[in-house]
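The structure appears right after this line, and notes come after that.
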Amino acid sequence: MADEMDLREPYASESDRLPWLETVEPDEKEGPSIGRIVALVLLGLVVIAGVVFAAIRLQRPTASGDGQLIAAQEGDYKVRPDEPGGLKVEGEGDSAIATSAGKGAGNGAIDLRAVPEAPVASQRPPAATPAAGAAAKVATAAVPKASGRLVAAAPLTASRPAGPGSASGGS
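Residues in the sequence shown are numbered consecutively from 1412, following the working numbering.
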């Protein structure tokens, strides 16, 4: 019987092989290796550092010229004008000078004796009537009716006395 069966001889066909009797091959690693991950991280850091370096270098102003001193013009650089006093424009500065002298036109004064404007009469919308079923769910509040027309008090005619510290400007 030993002559009939030679185990070292390869199988005649694939169908004669028994897979459960074959040796088990180790599974291949899944995913990239640690070395590849480290290399990609380092490459990313180099790219980011290059972008930052380029951005900083491009934002720096570049010097132009050869660094020579600019020579001053001959003669005096401060010269008296032909017409002292400068250019006169009609009406320029008149209101500022008059106001500082106390001779202002008076268009900024407030009239304390003026009568206030009449109030505008408004119409209130009619009150909404709640539905029969909704009355139990809604809270109502009584609002007093208007007692009449409001009248504004007359404006002050005398100046108010200065309070303590009003002119001191500090604490």
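We treat Cβ as the ideally placed atom computed from N, Cα and C, and that holds for glycine.
Residues of its chain near residue i, where Cβ-Cβ distance is below 6 angstroms and the 5 sequence neighbours each way are ignored
| i | result |
| --- | --- |
| P1566 | L1523 |
| G1497 | none |
| G1478 | none |
Neighbourhood of residue i by C-beta distance below 8 angstroms, restricted to the same chain and skipping five residues each side
| i | result |
| --- | --- |
| R1491 | none |
Spatial neighbours of residue i in its chain, beta-carbon cut-off 7 angstroms, leaving aside the 5 residues before and after
| i | result |
| --- | --- |
| L1432 | none |
Assigned exposure category for residue i - 16 Cβ within 10 Å defines buried
| i | result |
| --- | --- |
| T1568 | exposed |
Three or more beta-carbon pairs under 8 angstroms between the stretch 1553–1567 and the stretch 1521–1537, yes or no? yes
Please give me, in chain order, every unbroken run of the alpha helix (DSSP H) with length at least 4 that falls completely inside the stretch 1497–1536. 1505–1511
Minimum length 4: unbroken alpha helix (DSSP H) runs contained in the stretch 1436–1491: 1445–1470
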